Amino acid sequence: MLAVIARKEFLEMTRDGRFRWAAVVTGLLLAAALTAGAVSWRAQRALQAQAAGQMREFWLNQGPKNPHSAAHYGLWAFKPKLTLAYLDQGVDPYTGVAAWLEAHKQNEFRFRPAADASAVQRLGDWTAAGILQVLVPLLIIVAGFGAFATEREQGTLRQLASLGVPARALVRGKVLGVGGALGLVLGPAAVLGAITLARAAGGPALVADLPRLALLAAVYLGYFLVVAAATLAVSARARTARAALVVLLLGWASTTLVMPRLAAGLARRAHPTPSAFAFAQAVSADLTGGVDGHSPGEDIERLKAETLRKYDVATVEALPVNFDAIAMQRGEEHGNAVFDRQFGRLHDTYRAQARVHALAGLVAPVLPVRALSMAIAGTDVEQHRAFATAAERYRRMLVKAMNENMAANSRTGDFSYRAPPALWASIPSFAYEAPPLGEALAGAGTAFAVFTAWLVAAGLGLAALRRLDVA
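Be aware that the sequence shown starts at 1014, since it is given in our numbering, and climbs by one per residue.
Right, dumping it as structure tokens:
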């Protein structure tokens, strides 16, 4: 009986011209997004690798130079894109893809594609994740809005009940029928996604990405189940198919189009972030509260006295090391504390905003799904913060090595010292390893809890359909 109901539902949907056209359009858009995303991902990875190689060559070939000048010479650190970023770009277009590492400063990330794109370009920049989150739910609605309502209008629902067809079998059959029809669209898309992943990653990287891909597929399947459960529940209670369609379309528009913007505004209102100018002013004011490594002052005098006692000499000229370099490193340490405090506050605000955004998902399931999708793909705010922390750690290591070399190989007041190229080669290339999947998911704990609540609600909703009103 279950197979008969599912087959009947499947055939009715696939014969419906509205569903066929919606499925074709959605499938083509999804295939185009997957292909374009993979091509763009490969191009960006190639450009980043080329730029990183050139940056390394510039650093190694800068010639003899004062180490502190080399610290100001600086270099770029490029944020690598995980393979699944071709499915979900997340916040990468807004946070930037590279950071300039130099002495005295922790710079903001640069090269934000979203900042250079027009409103029309941003609207047309659909990713596979965007289609799965917005258009596939619409396809589910088109497929299932009349599952019960149409049969109620035609009187067949009462006939099925009079024949003793259990409501449980009817619900399960319709779920399987809707799922089978959607499989005609999502199945080929999943195969194409796996092929593009295999071509993009390959080898050990592919093995490492398979758990992420499997979990991402499970999240979206769960999301589609939630949408299907809501669709069937509305169809089961609507008096007409038209009423069910209107209610479902209003729900789709409000949850997938309106609610994300409202949630973002609510998060910013609850936890406002400073403007770029205000943040820069706060950092500057904090930096002037102590030693800067160049200007004499109380901190410098205290450091000088400590250094003279350490080497048991009376003047800085008698020191066997360069006090200027020691003072500059003390200034770096003061700046590091300032940067940790200011950027830490900023990132904590972003984290608080993400929690508000995830909690808003209690009324819009797309919000926790979006957060989990970005976390799995490695493109959420938390993983951007992890890269920023790694880049800053590398910057501090580099600057400290330059100052220590200058302190050990020159004397106070002598800026004529030139370090050999061997010093540049002693600094390792910047390398970054993304957080493992478990750590990435821990940063999206609130979103995971909200999404789990939606899955439980979907299960309870489908179970409640056993008490189907056939009138």
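Glycine residues also receive a C-beta, built at the ideal position from the N, C-alpha and C atoms.
Small disclaimer: the values here were computed from a predicted structure and weren't measured.
| Check | Outcome |
| --- | --- |
| Limits of the alpha helix (DSSP H) - the one that alanine 1277 falls within | 1272-1283 |
| Residue(s) in a DSSP beta bridge with glutamate 1115 | Lys1118 |
| Cβ distance (whole Å) where leucine 1151 is taken to contact tryptophan 1034 below 8 Å | About 12 Å separates the two Cβ atoms, so there is no contact after all. |
| Cβ pair leucine 1047, glycine 1206 closer than 7 Å | yes |
| Through-space distance from glycine 1109 to alanine 1128, alpha-carbon basis | Confidence is the limiting factor: at alanine 1128 the pLDDT is only 45, short of 50, which leaves the residue's position unreliable and the question unanswerable from this model. |
| Enclosing beta strand (DSSP E) for tryptophan 1089 [first to last residue] | 1088-1091 |
| Backbone secondary structure at lysine 1094 - three-state DSSP | coil |
| Where alanine 1432 falls: helix, strand or coil (DSSP) | strand |
| Residue from Arg1282, His1347, Thr1320 whose Cα sits closest to the Cα of threonine 1301 | His1347 |
| Beta carbon of leucine 1073 nearer than 7 Å to that of tryptophan 1437 | yes |
| Reference alanine 1457, options Ala1421, Gln1061, Ala1371, closest by Cα | Ala1371 |
| Alpha-carbon spacing of glycine 1143 relative to leucine 1095, whole angstroms | 18 Å |
| Segments assigned beta strand (DSSP E), at least 3 residues, entirely inside the region 1214-1248 | none |
| Distance CB(methionine 1419)-CB(asparagine 1349) smaller than 7 Å | no |
| Beta-carbon proximity check, alanine 1156 vs phenylalanine 1032, cutoff 7 Å | yes |
| Runs of alpha helix (DSSP H) wholly within the region 1366-1422 (minimum 4 residues, chain order) | 1379-1390, 1394-1422 |
| Three or more C-beta pairs below 8 Å linking the region 1351-1359 and the region 1426-1440 | no |
| Beta bridge counterpart(s) of lysine 1078 as assigned by DSSP | Ala1432 |
| Distance, alanine 1421 Cα to valine 1379 Cα | 58 Å |
| Alanine 1251 beta carbon less than 7 Å from that of alanine 1162 | yes |
| First through last residue of the alpha helix (DSSP H) which encompasses serine 966 | Coverage of the chain is limited to positions 1014 through 1484, which leaves residue 966 absent and any answer about it impossible. |
| Helix, strand or coil at tyrosine 1107 [DSSP, three-state] | helix |
| Phenylalanine 1464 vs proline 1381 beta-carbon contact at 7 Å | yes |
| Cβ contact check for the region 1183-1196 and the region 1275-1288: 3 or more pairs under 8 Å | no |
| Endpoints, alpha helix (DSSP H) assigned at alanine 1160 | No alpha helix (DSSP H) contains alanine 1160, which DSSP labels as neither H nor E. |
| Cα-Cα separation, arginine 1028 to arginine 1165 | 20 Å |
| Nearest-angstrom beta carbon gap, alanine 1340 and leucine 1316 [assumed within contact, 8 Å] | 6 Å |
| Valine 1351 classed as buried or exposed, judged by whether at least 16 other C-beta atoms fall within 10 angstroms | buried |
| Alpha-carbon to alpha-carbon, valine 1326 and tyrosine 1407 | 34 Å |
| Coil, strand or helix - glycine 1344 by DSSP | helix |
| Neighbour-count burial assignment, proline 1285, 16 or more Cβ in a 10 Å radius | exposed |
| Alpha-carbon spacing of glutamine 1396 relative to lysine 1118, whole angstroms | 22 Å |
| Reference arginine 1409, options Gln1063, Gly1076, His1081, closest by Cα | His1081 |
| Under the three-state DSSP convention, the category glycine 1193 falls into | helix |
| Alpha helix (DSSP H) segment containing leucine 1473, residue limits | 1458-1477 |
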